[in-house]
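Following: one structure in structure tokens, then a few remarks.
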Amino acid sequence: MLFTGFSVPLLDYLVKTVIMDRIFDVTTATQPVLLYSVMAAANGVYLSSHNAFRGLPKAAIFGNFFRSIMSIPIAILINFVAGSIMTVYGAEAAAGILQKWAAIISKTASDIVAGIIEGTADRYANIRTRFREYRKKLSDLMAIYAQIELLFPETKTLELLENTDKIQEKANAEAQVMEKIICIHALDALYFWMYQPRARSAISHLMNSISEEERHIWVTSQFTLLRQKEISQMFINGVLGPDFARALSFYLSRYPEYLEDMKRFV
């Protein structure tokens, strides 16, 4: 903010007033396209220069320059719309008002482009991050699936996951630990789904890219959240430490909705 805040007075006084208006007689009334083009180029050079001074990556330096160039048509459109509105409502000296607003309009257009570019980049970065997290969860669940198969070779693992009472019936210490791990993975996935950005897009992409068996294992493992009594006891026993009230409340209130959403992946 310290650096970008200087761009408005730079554009307003030096570029718009001194150079374009006083020297070349270019204003929003005479040549708006040229004015906004020069202001955008000046803003791009300024942004790129202070980015380089701050040691930012080359991608950010060039991106900030081209974002300013891409903002030219948006600035011209804003200028046209604002001028039309003022004319319709009978504002006096609309051209003079637009000339005063020119730097703000140029900066606003640049920020709009930046928001679109950075928002899109953040979206895909979040999807990639969530996809990796979900992929790791699925990999961990598949490893547990293999261990359960070794513990109970006479019973299909999916049947055990669908009815964990069978694990309790056949339980040994190792099986009980694996059941708790499955519950913890399901709680993590619940948190991802409800709070992490782009988690729903990522899990949808993952479910569409894996085998039917893997998808079935994933969805079935999430239904361990139905074991309300056992999971509540895990919270009470300190699985998240002594301050568990909010987490427990979150689980109890949100897991029914989450499981309904999971059913669509079956």
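So the sequence shown is numbered by my numbering: it starts at 14 and just counts up by one.
Just so you know, even glycine gets a beta-carbon here, dropped at the ideal spot from N, CA and C.
Worksheet item: Between A115 and the rest of its own chain, which residues show a CB-CB distance below 6 Å, the 5 nearest in sequence each way excluded?
Response: Here residue 115 refers to the residue found at position 102 of the sequence shown. Only K29 and T41 meet the Cβ criterion.
Worksheet entry | For T77, the nearest candidate out of G68, L60 and N92 (CA to CA) | Counted from its first residue, the sequence shown places residue 77 at position 64. In the sequence under discussion, the amino acid at residue 77 is Asn, which differs from the Thr named in the question. Closest by alpha carbon: L60.
Fill in: Coarse secondary structure for Q235, derived from DSSP in three states
Within the sequence shown, numbered from 1, the residue matching residue 235 stands at position 222. Note: Q235 maps to helix in three-state DSSP.
Worksheet item: In three-state DSSP terms, what is G103?
Response: What you label residue 103 is simply residue 90 of the sequence shown in a count that begins at 1. Note: G103 maps to coil in three-state DSSP.
Discussion item. Taking only three categories from DSSP, how would you classify P269?
Written reply: Position 256 of the sequence shown, counted from the first residue, corresponds to residue 269. Look at P269 here: in three-state DSSP terms it is helix.
Discussion item. Under DSSP, the alpha helix (DSSP H) around G57 begins and ends at which residues?
Written reply: As a first step, residue 57 must be located in the sequence shown, where it is residue number 44. Element bounds for G57: P45 to F66.
Worksheet item: Around the C-beta of T100, are 16 or more other C-beta atoms found within 10 angstroms, so that it is buried, or is it exposed?
Response: Here the question's residue 100 lines up with position 87 in the sequence shown. Exposed is the call here.
Practice prompt. Determine the direct distance from the alpha carbon of H63 to that of M14, and round the result to whole angstroms.
Written response: Start at 1 with the first residue of the sequence shown, and residue 14 comes out as number 1. Start at 1 with the first residue of the sequence shown, and residue 63 comes out as number 50. Residue placement at M14 is flagged as unreliable, the pLDDT there being 40, under the threshold of 50; a coordinate-derived value is accordingly withheld.
Discussion item. Suppose you measure from the CA of Y26 to the CA of Y102; what does that come to, to the nearest Å?
Written reply: One-based indexing of the sequence shown puts residue 26 at position 13. One-based indexing of the sequence shown puts residue 102 at position 89. Their backbone Cα atoms lie some 29 Å apart in a straight line.
Item to complete: Please confirm if the region 238–253 is in contact with the region 189–203, defined as three or more CB-CB distances below 8 Å between the two stretches.
Response: These segments touch.
Discussion item. DSSP three-state label for N92, please.
Written reply: As a first step, residue 92 must be located in the sequence shown, where it is residue number 79. N92 falls in the helix class under three-state DSSP.
Discussion item. Output needed for I85: all residues of its chain with C-beta closer than 7 Å, excluding positions within five of it in sequence on either side, in chain order.
Written reply: As a first step, residue 85 must be located in the sequence shown, where it is residue number 72. So the list reads Y49, S50 and A53, once near-sequence residues are dropped.
Discussion item. Does I118 come out as helix, strand or coil in the three-state DSSP assignment?
Written reply: Translated into positions along the sequence shown, residue 118 becomes position 105. The answer is helix: DSSP assigns I118 an H, G or I state.
Discussion item. Buried or exposed for P45, going by 16 or more other Cβ atoms inside 10 Å?
Written reply: On the sequence shown, residue 45 is found 32 positions in, with the first residue counted as 1. When all chains shown are included, P45 counts as buried.
Worksheet item: Hey, how far is the Cα of G109 from the Cα of I117?
Response: For the purposes of this step, residue 109 is taken as the residue at position 96 of the sequence shown. For the purposes of this step, residue 117 is taken as the residue at position 104 of the sequence shown. It is roughly 14 Å from the alpha-carbon of G109 to the alpha-carbon of I117.
Worksheet entry | Beta carbon of A188 nearer than 7 Å to that of L164 | As a first step, residue 188 is located in the sequence shown; it is residue number 175 there, counting from the start. As a first step, residue 164 is located in the sequence shown; it is residue number 151 there, counting from the start. Cβ atoms of A188 and L164: closer than 7 Å.
Worksheet item: How big is the Cα-Cα spacing for M33 and Q112?
Response: Start at 1 with the first residue of the sequence shown, and residue 33 comes out as number 20. Start at 1 with the first residue of the sequence shown, and residue 112 comes out as number 99. Rounded to the nearest angstrom, the two C-alpha atoms are 11 Å apart.
Discussion item. Does Q241 come out as helix, strand or coil in the three-state DSSP assignment?
Written reply: Residue numbering aside, residue 241 sits at position 228 when the sequence shown is read from its first letter. Here Q241 sits in helix by DSSP.
Worksheet entry | Where R213 falls: helix, strand or coil (DSSP) | For this step, residue 213 is matched to residue 200 along the sequence shown. Looking at R213 - three-state DSSP - the assignment turns out to be helix.
Fill in: Per-residue burial, N56 [other beta carbons within 10 Å of its own, 16 or more giving buried]
The sequence position of residue 56 within the sequence shown is 43, counting from 1. Buried, because 16 or more other Cβ atoms sit within 10 Å of the Cβ of N56.
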